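Take a look at the structure below.
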Amino acid sequence: MNSPYFLYSIGCSTRPICDFIDILKKYHIKVVADVRSIPYSRFTYQYNAEFLKKELLKNKIRYGSFSKEFGARRDEDFVYLNNTVDFNKVMTLQVFKDGITRIRHGLEQGYSIALMCTEYDPLDCHRFSLVSRGIKKILRISTSHIYDLNKTKSTEELENEILKKFNLQFDLFENRDMLLERAYKILENKIAYSRPHSENINAIKQEVFDYV
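In this text, residue positions in the sequence shown follow my numbering: the first is 33, and each later residue adds one.
This is the structure in structure tokens:
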């Protein structure tokens, strides 16, 4: 999928902040769009929002929080099916679409943008199975998923991987798009956030967690 825009994703994981910034510079990223539900970490303080923003600004990289738009833990009861977030429902939310509009505006202004979350592997993270998927559906823009300084995979490459991983093959009754829907659903079932029946979402958000 050809595009004049530069959209990436990256997982901060437990990398030293200097290594993280080196990777951003390698790919000429000018904006980090933080898609974590709660932009704080108990174990990797260097990725707490305020500290991260300051370090990025020192390197002329802008920081934007997209927790409301793209976070995997949701306030909206509508998106929960059996107390687990349904990604297809999230993609119908106006706030999610507004987030995609923000991304589009940034790309149109010439910024190269990285969607940032916690997990190293995009297949373990909603930045692939929810956010970049939604952007691809709405904007027809593919994301390059960064692993390390010299390793990236496109959304299409990862989609091929999950089709193979889950042994989903074309046949007379299912085309590629239908198979991808099934593959994404399998991923979603592995990583989507589930809440206890009595959970108070607003109370949870006051705590400091490692999160998706």
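Even for Gly, the Cβ is constructed at its ideal location relative to N, Cα and C.
Being a predicted model, the structure only gives us computed values, none of them experimental.
For the pair residue 213 and residue 191, the Cα-to-Cα distance works out to about 10 Å. The DSSP assignment places 165-171, 187-197 as complete runs of the alpha helix (DSSP H) inside the segment 131-204, in order along the chain (cut-off: 4 residues). Taking C-beta separations shorter than 7 Å and ignoring five residues to either side along the sequence, the partners of residue 148 in its chain run 42, 44, 64, 65, 66, 67, following chain order. Excluding its 5 nearest sequence neighbours in each direction, residue 105 has C-beta neighbours in its own chain below 6 Å: 69, 225, listed in chain order. A buried status is given to residue 157, since no fewer than 16 other beta-carbon atoms sit within 10 Å of its beta-carbon. Distance from the Cα of residue 40 is smallest, within the candidate group 178, 221, 195, 188, for 178.
In the DSSP annotation of this structure, the continuous segment of the beta strand (DSSP E) that includes residue 41 starts and ends at 39-43. Cβ-Cβ separation between residue 159 and residue 216: approximately 13 Å, too far for a contact (criterion under 8 Å). When C-alpha distances from residue 52 are compared across 140, 91, 35, the shortest belongs to 91. Residue 212 carries a helical assignment under DSSP once its states are collapsed to helix, strand and coil. Within its own chain, the residues whose Cβ lies closer than 8 Å to the Cβ of residue 77, once the five positions on either side in sequence are excluded, are 83, listed in chain order.
Taken atom to atom, the span from the alpha-carbon of residue 134 to that of residue 209 is near 27 Å.
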